[in-house]
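Asker: Here it is: the structure, laid out below.
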Amino acid sequence: MDFKESKTYQNLQTAMKSELVTGAKYLIYSQKAYEDGYNLVGDIFEETSRNEIEHAKIWFKLLLGGKIPSTLDNIREAASGENREWNSMYPEYAKTAREEGYDEIAELFERVSRVENNHDARFETLAWDLESGQIFSRENEAVWHCKNCGYLEWAKAAPKRCPACSYPKSCFQLYCEPF
2 MDFKESKTYQ NLQTAMKSEL VTGAKYLIYS QKAYEDGYNL VGDIFEETSR NEIEHAKIWF
62 KLLLGGKIPS TLDNIREAAS GENREWNSMY PEYAKTAREE GYDEIAELFE RVSRVENNHD
122 ARFETLAWDL ESGQIFSREN EAVWHCKNCG YLEWAKAAPK RCPACSYPKS CFQLYCEPF
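When you line the sequence shown up against our numbering, it's residues 2 to 180, in that order.
Laid out in structure tokens, this is it:
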């Protein structure tokens, strides 16, 4: 029997989706608990959310044959999903909401669609940067920001290690804040 046609494969898909939804829901619950002043409850929901996401990762890896795709493949898949959301899914949902008289919900779908459009563009840019070797380097001098300690370096490429905290190059990104 082809694995993708099996009931086990379907169960893995359902389990993964359930764990992801539960993980997201618990993260929302943790934020509410923190707002209400229940830090212990918030911490427990947050930890349990991470556990649920790890469970989803177990099922996801099995669905993918035991291996998570490359970062570039993940970026491309993410861009494709974001594109589908802003280009068709949310516009269709907004249209339906308007037809049913839910104008405020339609407006929210349209607003979120604009955010998804931005996500799509960011992922497309990341894919280009990764493919062209420009995640940690530029043709012209740029400001590189260590996300760990805040150190700034003016150079064509991020340093191999942060001169201030010794974190690796992977902790650097272009510094883009206007203030």
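Think of the CB as a built atom: it goes at the ideal place given N, C-alpha and C, for glycine as much as any other residue.
1) The beta strand (DSSP E) spanning SER138 covers which residue range?
2) DSSP three-state label for LEU65, please.
3) Do you know how far the Cα of ALA79 is from the Cα of PRO70?
4) Can you confirm whether the segment 88-106 touches the segment 44-64 when touching is taken to mean that 3 or more C-beta pairs between the two stretches lie within less than 8 angstroms?
5) Beta carbon of ARG85, beta carbon of ALA128: below 7 angstroms?
6) Just to check my reading of the structure: LEU64 and LEU131 have Cβ atoms closer than 8 angstroms, yes? What is that Cβ distance to the nearest angstrom?
7) Please report how far the alpha carbon of CYS177 lies from the alpha carbon of GLU6, in whole angstroms.
8) Jot down the residue ranges of each uninterrupted beta strand (DSSP E) in the segment 146-172, minimum 3 residues, whole runs only, in chain order.
9) Across which residues does DSSP place LEU175 in a beta bridge pair?
10) According to the neighbour-count rule (16 or more other Cβ atoms, all chains shown, within 10 Å of its Cβ), is MET17 buried or exposed?
11) At a cut of 8 angstroms, does the segment 149-159 reach the segment 103-112 through at least three beta carbon pairs?
12) Would you call GLU48 buried or exposed, if buried means 16 or more other Cβ atoms sit within 10 Å of its Cβ?
13) Taking all protein chains shown into account, decide if ALA25 is buried (16 or more other Cβ within 10 angstroms of its Cβ) or exposed.
Answerer: Reading it off the structure:
1) Walking along the sequence shown from the start, residue 138 turns up at place 137. Counting along the chain, the unbroken beta strand (DSSP E) around SER138 starts and ends at 138-147.
2) Translated into positions along the sequence shown, residue 65 becomes position 64. Residue state, collapsed to three classes: coil.
3) In the sequence shown, residue 70 corresponds to position 69, counting from 1. In the sequence shown, residue 79 corresponds to position 78, counting from 1. Rounded to the nearest whole angstrom, the CA to CA distance from PRO70 to ALA79 is 12 angstroms.
4) In short, these stretches do not touch, since the Cβ pair count stays below three.
5) Your numbering for residue 85 matches position 84 in the sequence shown. Your numbering for residue 128 matches position 127 in the sequence shown. In this structure, ALA128 does not lie closer than 7 angstroms to ARG85 by Cβ.
6) The count along the sequence shown starts at 1 and reaches residue 64 at position 63. The count along the sequence shown starts at 1 and reaches residue 131 at position 130. In this structure, LEU64 and LEU131 do not form a Cβ contact; the two beta carbons are roughly 24 angstroms apart against a cut-off of 8 angstroms.
7) In the sequence shown, residue 177 corresponds to position 176, counting from 1. In the sequence shown, residue 6 corresponds to position 5, counting from 1. The alpha-carbon separation between CYS177 and GLU6 amounts to approximately 47 angstroms.
8) Listed in chain order, the beta strand (DSSP E) elements of length 3 or more contained wholly in the segment 146-172 are 153-158.
9) By one-based count along the sequence shown, residue 175 stands at place 174. DSSP lists TRP145 as partners of LEU175.
10) Here residue 17 refers to the residue found at position 16 when the sequence shown is read from its first residue. Around the C-beta of MET17, 16 or more other C-beta atoms lie within 10 Å, and the residue is accordingly described as buried.
11) As far as the Cβ criterion goes, the segment 149-159 does not touch the segment 103-112, which means the pair count is below three.
12) Residue numbering aside, residue 48 sits at position 47 when the sequence shown is read from its first letter. In this structure GLU48 is exposed. Its beta-carbon is surrounded by fewer than 16 other beta-carbon atoms within 10 angstroms.
13) Within the sequence shown, the letter at position 24 stands for residue 25. The C-beta of ALA25 has fewer than 16 other C-beta atoms within 10 Å across all chains shown, which makes the residue exposed.
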